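Worksheet: the structure to be examined is printed underneath.
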Amino acid sequence: MKGPLFYSKILLFGEYGIIKDSKGLSIPYNFYNGALKVDEDPSEAAIASNRSLNRFADYLNELQENNPELVQFDLAKLKADIEKGMYFDSTIPQGYGVGSSGALVAAIYDKYATGKITVLENLTRDKLLKLKKIFGEMESFFHGKSSGLDPLNSYLSIPILINSKDNIEPAGIPSQTENGLGAVFLLDSGSTGETGPMVNIFMENMKQEGFRQMLKEQFVKHTDACVDDFLKGDVKSLFSNVKRLSHVVLDNFKPMIPAQFHKLWKHGIDTNDYYLKLCGSGGGGYILGFTEDIDKARKSLQDYKLEVVYNF
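Under the UniProt record's numbering, the first residue of the sequence shown carries the number 1, and numbering increases by one thereafter.
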């Protein structure tokens, strides 16, 4: 048995800001994916994943009992498949900010939810919001409070524009320029990051008036401008806004940036070779980079592994 593939995602803009109603833009990233599987001879990783699925099934049982209106699953079928050794076979790195738990949630909903909302329907805003709510509740099993956006992106496999918490829509993003020098890339920090602790730091900071003001007047403002520029394909304006955003993050989100990258972050801003921003909650995993000249960025970051995800 092997189920359909569900892809990783990249939140291009909106990390932390979407908690406070900034805009956000999330795109599928097909380089990584995962699928539900049963093997004759499972590996250790498969056995560990199977155990985790067993705990997840108990959680879904509780979710269904506590909130029957929201979602129903064929739990007997899910339990039977888990007993056969089903696991989630994934190339999506965990703790890297590219949605490993999101893809798993999407795969389970797709296979076991009864009366599910499908990708083929006319996806009204109400349907998108309902899916997001279901996925948020499901994904909370993995790392505390979840917005549900990662699984939504993985399930639909289309770019999603977040206008605010209660206003999301499928987004058309400009098609890529085949040999464009401008690029969005992932930079491997070499360590994993945990979402929970990073979000806790953010929530603690939110208790300070000055931090809240910075978030509203700078972080959210620049994030919204970046989303608008990207969707319009206004590359020149996009890079000046990404530079501002990169600066705000360096000044105010230091704990979320691995210490060894503080200098590198500043170097990008000072030279304009590239601009870095958080990918997901930060603390490790991938860092997202934007550059107007990928060759220059590669040279400047020659000690690091870059993966291009989008060309301008």
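We put the beta carbon where it would ideally sit given N, CA and C, even for glycine. Note that this is a predicted model, so its numbers are computed, not measured.
- When DSSP states are grouped into helix, strand and coil, Asp295 belongs to the helix group.
- Cβ contact annotation for Ser90 (same chain, cutoff 6 Å, sequence separation greater than five): Gly34, in chain order.
- With distances taken between CA atoms, Arg298 lies nearest to Leu264 out of Leu128, Leu12, Leu264.
- One alpha carbon belongs to Leu306, the other to Gly14, and they sit about 22 Å apart.
- Three or more Cβ pairs closer than 8 Å define a contact, and the segment 274 to 288 falls short of that threshold against the segment 229 to 236.
- For Ser52, there is no enclosing beta strand (DSSP E); the enclosing alpha helix (DSSP H) has its first and last residue at 44 to 66.
- Under the three-state reduction of DSSP, Pro197 is assigned to helix.
- Following the DSSP letters along the chain, one finds Phe6 inside the beta strand (DSSP E) bounded by residues 6 to 13.
- In this structure the segment 134 to 143 lies against the segment 98 to 110, because at least three pairs of beta carbons, one per stretch, are closer than 8 Å.
- Going by C-alpha positions, His247 is about 41 Å away from Leu36.
- In its chain, beyond the 5 residues on either side, Gly284 have a beta carbon closer than 6 Å to the beta carbon of Ser191.
- By the Cβ-count criterion, Ala259 is exposed, with fewer than 16 other Cβ atoms from all chains shown falling within 10 Å of its own Cβ.
- In the displayed model, Leu128 falls within a helix according to three-state DSSP.
- When the alpha-carbon of Glu40 is set against those of Lys84, Leu60, Arg55, the nearest one is in Lys84.
- For the set Ser175, Glu204, Leu78, the Cα lying nearest the Cα of Val235 is the one of Ser175.
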